Every structure is written in C-alpha cells, then in structure tokens.
Amino acid sequence: MQSRSLEIGVGLFLLAGLLALLLLALRVSGLSAASSSDTYRLYANFDNIAGLTVRAKVTMAGVTIGKVTAIDLDRDSYTGRVTMEVEKRVDNLPADSTASILTAGLLGEKYIGISVGGEEDLLKDGNTIHDTQSSLVLEDLIGKFLMNSVNKESK
Amino acid sequence: MSAENAYAVELKGLTFKRGVRTIFENVDIRIPRGKVTGIMGPSGCGKTTLLRLIAAQLRPQGGEVWVNGQNLPSLSRAELFDMRKQFGVLFQSGALFTDLDVFENVAFPLRVHTKLSDEMIRDIVLMKLQAVGLRGAVELMPDELSGGMKRRVALARAIALDPQILMYDEPFVGQDPIAMGVLVRLIRLLNDALGLTSIVVSHDLAETASIADYIYVVGDGQVLGQGTPAELKNSDNPRIQQFMKGIPDGPVPFHYPAPDYLDDLLGVR
Amino acid sequence: MRRKSLVERVRLLGRAGIDVVQAMGRSTLFLLSSLFGRSGLRNGSQLLIRQLYSVGVLSLPIIVVAGLFIGMVLALQGYNILTSYGSEQAVGQMVALTLLRELGPVVTGLLFAGRAGSALTAEIGNMKSTEQLSSLEMIGVDPLKYIIAPRLWAGFISMPLLAAIFSVVGIWGGAMVAVDWLGVYEGSFWSNMQNSVQFTEDVLNGVVKSMVFAFVVTWIAVFQGYDCEPTSEGISRATTKTVVYGSLAVLGLDFILTALMFGDL
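The listed protein sequences derive, respectively, from chains B, E and P.
If you're matching positions, the first sequence starts at 1 in our numbering and goes up one per residue.
If you're matching positions, the second sequence starts at 156 in our numbering and goes up one per residue.
If you're matching positions, the third sequence starts at 425 in our numbering and goes up one per residue.
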C-alpha cells in the first residue's frame, strides 16, 4: 500500500500545479473569456509619438479597448504612424473621433486615449483617425514656459 | 538450435578493440554444453569483456559469436533482447535492483517476460529462493543483505526464467570462506540439477579449479592454454605455470615497463 | 619535455572538439531512442508515477520555500524603490511580472538542476556502477525504456508545474509583505497586477520557458548519469557536471528566450 500513498502524493502534486497555472491565468493576469480575440485595425498619424511604445493601451473614457501593435514612420507626411487593434465590440466609433497620446501620471507610461466625435459615419477596419493630438513633450513645454516668462519680463 | 552440437557457445576468430587497444585478437573458445567451464586470467586481461561479448552487450570488431546456433553479431537489437532470455548472468556486485525487495527482484524477469498469475509467480520465486537457501529473506531489501546473500539472491533471479546458459562474473571476489563454499556448491549443484551450461569467469584459482570441468586461461588478448584443471597444473607453458602457482615475477613481469632504473636516477633530465 | 609544442596544443584542441561533438551525438541518439520506439512495458504508468513522485513531489518543499522568500524579498525591494516615485501600488505588478517572466522559470530551473537533476544523475550512475543497467539488459529489458524514459517524462511534466507553483507562492508572499506588512492598498495591488499582466505575453511565455528548461535540464541530468564512468569518482564528477551544465544551460537559454519573446526582435 506504499504505492497508494505514492499515487495520492503525485495526484496532489499534479492538482496543485494545474491549480497554480489556473490561478496565474485568472487571478494574476485577469484573463477573461472575451479578451483580445476579436479585434479590428485602426491607424492614426501623430506629429510626435515620443515615448509611445508597442503594446501600449488604447483607452476610451479610461476603459482599455485595445492596444498598439506597430509604430512606424510615414515617409510622405513625415509623421509617426501608429497601428492599433481595437476590440470588435467597440464598433461604434464615429469617423471624426480624436486620438491623443496621454501619460499615466507625471512620469508614467504613454497610452492612447480616444474621445468621441459627432459624425454619423463610423470607423471601420483599416480606417485612419485624422484628428490627432500629439504626445506632450516635457522639453517643449518647459521651453514655452521659459519663453513666456522672458516675454513678460521684457514688457 | 542444433541439439547435436556439443558446444553451447563458440567464439571463432573473435577480435575486439577498445580505441586503439586490442583486447582480444583472433580468439577461439568453445564452451561445452552441460559442463562448468572456467575462464581464468590475470586481472585486467578482459575476462569480463569476454562475458559481455558472449552476452552481446558489446559488439566485436571481427569474428563470430555462436550461441545455440545463432551468430549474435548478425542479430538486430530486438532479436538480441529476445535471445538474452536464454542467458542468466550473475554480476560481480550482484546488481540487485535497489528499489525492489528480494521477492520483487527475483520476480522481475517473470513479470516482464511471462503472463503468469501472481500466485504462480509467487510459487516460482519461493522455489528459486529455496534453491539458494534464502526463502526466509524474501521480504528484505537488498541493502539489508550481506554480500554473499546478495549474490545468492542475484543467482535466484538469474535462474528465474530457467536459462540454458548461466554466466558468473567473478563470483568469489570479496567473499568470506563460508560464503565462498556456499557459492561453489551452488554453482555445481545448479549446473548438474538444471542441466545448465555454466561459464565462470574468475581469477580465484583454487575455487575455480575445484568446480570447473574445463578451463581456459586468457591473457595478452589470446588464449594461453586450455584443458582440465589437472592438465593445466602440469602444463609446461611458463605463463600458465606462473599464473597457476602465483609466482610474482616471470613472463608477467613484476615491474611495469620503465626506462632503465639507474639511468632514471642518475641520468640527465 | 613537459612543455607541449604548438602542434600538440592544436591536436589537443581538435581532440576536445571531437569529444564534444561525439558527446552531443551520443546524447541525441540516447534521447531519441529513449523517447521513441516500442517500449513493450506493461507497467509504464506505474514507473512514471514513481518518478513523478521522486522528481516532482520531493522537489516541492524547496520550490515552495524558495518561492515564498523570493516573492517577499521582491516586494520589499520593489516597495523601497517604487515608494520614492510615489507609485508603491505598482509593487504587485512588479512582483508578478518579475516572477512570471524571469524568476519563476529560471530559479525553478536552477533549483531543479540542483535538487532533482543531481539526484537523477547520481541514481542512474549508481545503477550503472552496480551493473543494474547491464543486468536489466541481460534480463531482456531495455534500460532506456525502463529506467531512462520514465525519468525524462517525469522531468518534462514536473518542472512547468513546479515553476507555476513557485510563481503563485512568490506572488502570495509578495502580497503578504506588501499588503499586510507595508500597508499597500490591497485593491490597487491586485488590480495593478491584473491590468499589466497579460496571459499570452507573460503567463504563457513563462510556461514555455519552463518547458524548455525542463527539457534541457532533465536531458542533461539523465544523460550524465547514463554516460558517466561507473566508479564512485565518475559518479561524483557526473553529478557536478549536471549541476554546472544544467545551471549554465538554464541561464544561457533564458537570455535567448527572453530576447525572442520580449526583445521585439
């Protein structure tokens, strides 16, 4: 009956291992059934994407609805071209929606926030968002601030 | 399987090399059926290698190994595993499976190769253990046995499948006189009672001579001499004389080959 | 006389190269013939269970204890660094990502090489030196199938599970330190973790890593045992080799796998 307790031990071990995997999947990574399986693709051109990276979140009203899958340079317009995968269930984005690059907290990661427009036409797979707002570049901001204060002094 | 063949094992022109070293060169050995044959020789001359060649655990570079009418080097791996059921081997250390008890060790070959019921297996195991006098030790683990008992259990395991050829690799090494006497008696007894062909590889002269019907003396990759124990004792071959009488210096020199002693001590570096 | 000529050195280098290639060839053949081909064993699952016990279950204590401590230390260190940026609620994310992507598979691989790998090598080497392997062969049982194959499979199966258990225990230990001791708000600890950890990116890649490590470490351990010189000296040398080669293989492969998975190559 030594082999019986052996088998129980192995059974418990296998169970614990599978349970651990399940925990990692559900509790730690927050995996849910309707995740990122069905998506459609949108493009957006930004003057400056500074700091945005692949796999960054795409959000609307603070809710994550997709992610950035590629970033490259558009040769003709000299702008940064961002490719996004947006979940299929969010299929009612008006064509004149705005995409802006935002920062989580002061030094946090960059992500894309989409705010809704008013047009009747909707964005479809492969469409491009034209109304964009570029990343906030701290150096430019400081530069402007200094210029302002210099101008004020001179007055 | 030619029953009329008087030899159970025949080695013809056997050549075996390990790297550049030649272990055997053109060796002919014939093991008579139903007898106890001793293979003797100084340590390190390849006696154990010879056993492994007969059991086809090693492949010779040249020559033939005939066992019961089959040439082993020409068989496939699967055929060899099948063929080995005719062999029983008693290894030097006993080679009991350390994670199984005595009963399971002896039962192992039966469980692998037969479809006997548990009761049948139990009866056979107890019979085999009775034959080696260890029926009482059936529940012990191998590390609870003395060296001599281990070898006897291993012997019971080796005869579990009723092999035709039983090989012993240095069965007498490191045994006290009583255990040695028991083993000598067992080898003879099993050979005669079961009608086996026994091959004893050993360098223990007195014990081997007392049970062997025929002895081969090997050394330097060759067969130095052969004959019954009595014939060998009276041989006039100096190498056999040295081996049989245990003379420290002779054709097998006391000194390992070296440059001249005086030169080495006094000479230029 | 003692000094070697240049030609002799070159010859030794060549010899060493040939030896390495030969060992690789032998180990590959060894692996293939253990895992494939007919086994003809009736009690195969019984053998596998026995090995799962000695390889997997017996490795559990060290994995659990190590995972707990590493998770706790990660939380402590992470908290100290993150708190100076005022973002200590990200400690959960840091602990989870570090464990899932790197430390879980790697430390499990290293501990596995030390605990189970060395035991496998020593056990098989011992079987070889006491002629148990030869004896199996003489009974007509292929030791590759009877001794080696169950151990290989047991290693392949156990290690990814051990790595998962390691990560879970580590995250739990991290949560204990961060939430109960350092006072990070529990909700933000878990939600931060869930937001940043992705199933395919992090969890699955970690599992793939641990599977690769399992394969390599078990292979090394079993082969070293089977190929060792059958003396007590040879066994101890083979055991050392298992731990050294196994650990180096884990660390080297970890870099390659990380570069492939997270390196945006």
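Quick reminder that beta carbons are idealized off the backbone N, C-alpha and C, glycines included.
What you are looking at is a predicted structure, and each value in this text was computed from that prediction instead of being measured.
| query | result |
| --- | --- |
| Minimum C-alpha distance to V601/P - residue among Y503/P, F686/P and G449/P | Y503/P |
| Neighbourhood of A34/B by C-beta, 6 Å cutoff - its chain only, sequence neighbours within 5 removed | Residue placement at A34/B cannot be trusted, given a pLDDT of 44 that sits under 50; the coordinates are not used to answer. |
| Touch test, the segment 228 to 244 of chain E against the segment 209 to 218 of chain E, Cβ-Cβ under 8 Å, three pairs minimum | yes |
| First through last residue of the beta strand (DSSP E) which encompasses P187/E | R176 to P187 |
| Beta-bridge partners of Q133/B, as assigned by DSSP | S100/B |
| As assigned by DSSP and simplified to three states, the class of R81/B | strand |
| Neighbour list for G9/B in chain P, Cβ cutoff strictly below 7 Å | Y477 and V481 |
| C-beta neighbour in chain P for G174/E, strict 9 Å | no |
| Contacts of R474/P in chain B (Cβ-Cβ under 7 Å) | L6 |
| Cut-off 7 Å between Cβ atoms - residues of its own chain near M617/P, not counting five sequence neighbours on either side | G516, Q517 and A520 |
| Members of the segment 538 to 564 of chain P near chain E, C-beta cut-off 7 Å | T554, E555, Q556, S558, S559, E561, M562, I563 and G564 |
| Collapsed DSSP secondary structure at P414/E in the structure displayed | coil |
| Opening and closing residue of the alpha helix (DSSP H) in which Q556/P lies | Q556 to I563 |
| At least 3 beta-carbon pairs within less than 8 Å: the segment 582 to 590 of chain P vs the segment 483 to 491 of chain P | yes |
| DSSP three-state assignment for L255/E, whether helix, strand or coil | coil |
| Proximity test, Cβ basis, 9 Å: D298/E and chain P | no |
| A34/B at chain P interface by Cβ criterion, 9 Å | Legend: pLDDT at A34/B = 44, less than 50; position of this residue unreliable, value from coordinates given subsequently. No, no contact with chain P. |
| Segment limits, alpha helix (DSSP H) that includes S671/P | S656 to F686 |
| CB contact check: A20/B to chain P, cutoff 9 Å | yes |
| V164/E beta carbon near the ligand NAP (any heavy atom closer than 8 Å) | With respect to the ligand NAP, the structure offers nothing, as it holds no ligand at all. |
| C-alpha distance - E432/P paired with D415/E, whole-angstrom precision | 27 Å |
| Supposed contact pair T192/E and A367/E - C-beta distance, whole angstroms, cut 8 Å | 6 Å |
| Nonlocal neighbours in the same chain, by C-beta distance under 8 Å from V378/E, ignoring five residues either side | V182, D183, I184, Y371 and V372 |
| F454/P to D324/E span [Cα, whole Å] | 27 Å |
| Three-state class that DSSP yields for G422/E in the structure shown | coil |
| 9 Å Cβ cutoff met for R41/B and T69/B | yes |
| Backbone secondary structure at Q513/P - three-state DSSP | helix |
| Sequence-distant residues of its chain with Cβ nearer than 6 Å to C652/P (five each side left out) | G549, G658, I659 and A662 |
| Closer than 9 Å to chain P by CB, A56/B | no |
| Chain P contact for V28/B (CB, 9 Å cutoff) | yes |
| According to DSSP, residues forming a beta bridge with N425/E | The shown model of chain E, from 156 to 424, leaves out residue 425/E, and the question about it has no answer. |
| Which of helix, strand or coil DSSP assigns to A72/B | As written in the sequence, residue 72/B is Asp, which differs from the Ala given in the question. D72/B: strand per DSSP, three-state reduction. |
| Secondary structure of D443/P, DSSP reduced to three states | helix |
| Counterpart residues of V355/E in DSSP-defined beta bridges | G193/E and Y323/E |
| Alpha carbon of L568/P to alpha carbon of L271/E, nearest angstrom | 25 Å |
| Element boundaries [alpha helix (DSSP H), containing G62/B] | Looking at the DSSP string, G62/B is not in any alpha helix (DSSP H), and its letter there is neither H nor E. |
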